[in-house]
Amino acid sequence: MANAQDPAVATGSTPTEIGIAPRLQSALEIFGRSDQEGMAVTHYGYLTYLEGIPLQEMFWDPQTRSEATARFTFFGEGTINARHETANIITTAAPGQLRIYRNQGKGGSFQDPKTFARGEAVATFSLRYHCVLNVDLSNANIGTISVGLDLLQQEAVPFLQENHSWQLGRVGWRLHACVTGEGWLTGRDPYRAYFLYGGYFLGAD
């Protein structure tokens, strides 16, 4: 729920929607990391593009565009419920939930996943992802990933930025994401790995 200081609540004005794009056009773009331990997966990172927001307003320091200066970060969790492996190809799928946060003054640190969830939650999504891991034949601890995600927005909370009321998405808004990157196996009992990636979210409605 928006707080009493939210201008959309205080004045009855309608916030400007952002992160809404026509079908098959980019609504937002990300840089992120996912950690897997056993069947549990944690996703975190930051937004590099958000439809409707000028690029210079995506970071607290436009000259240093990184997770540390990101205005918008994300954090999510899921549990793998499908895994298939043949030769050097492994596929997995997992349902879960993801939230986008607006940060005051600083972003997150990849050394501490929870820092990506310390801001104000402005959007919540249910998600399902499908990951294809192509293991390097010369080094079984490294592989490339290609991931597809389907998201359904469950909550949208108006917020104030640059003296304007904004709302990221809308309840019921659907997105499809395409993500690519690389993964590293760090343990086998239990299974541990991490993945770095970039990607874009397309309007699906």
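Just so you know, we're using our numbering here: the sequence shown kicks off at -6 and counts up by one. In this text, a Cβ means the ideal position worked out from N, Cα and C, and glycines have one as well. Source: prediction; values computed, not measured.
- Around the C-beta of E44, 16 or more other C-beta atoms lie within 10 Å, and the residue is accordingly described as buried.
- In this structure, the beta-carbon distance from L168 to G196 falls below 9 Å.
- Taken through DSSP and simplified to helix, strand or coil, T7 comes out as coil.
- In the DSSP annotation of this structure, the continuous segment of the beta strand (DSSP E) that includes I93 starts and ends at I82 to R95.
- P15 is classed as exposed because its beta carbon has fewer than 16 other beta carbons within 10 Å across all chains shown.
- For N127, the pairing in a beta bridge is given by DSSP as I82 and T137.
- Burial state of S27 is buried, judged by a 10 Å Cβ sphere holding 16 or more other Cβ atoms.
- The secondary-structure analysis by DSSP pairs E60 with nothing; it has no beta-bridge partner.
- Boundaries of the beta strand (DSSP E) harbouring G191: Y184 to G196, taken from the DSSP string.
- In the three-state reduction of the DSSP assignment, Q147 falls in the strand class, which pools E and B.
- Taking the Cα of D54 as reference, the smallest distance to any Cα among G98, G69 and L153 is reached at G98.
- Cα atoms of A133 and P151: separation of roughly 46 Å, rounded to the nearest angstrom.
- According to DSSP, residue pairing for A110 in a beta bridge does not occur.
- Here the C-alpha atom of N96 lies approximately 36 Å from the C-alpha atom of R181.
- In the structure shown, the three-state DSSP call for L17 is coil.
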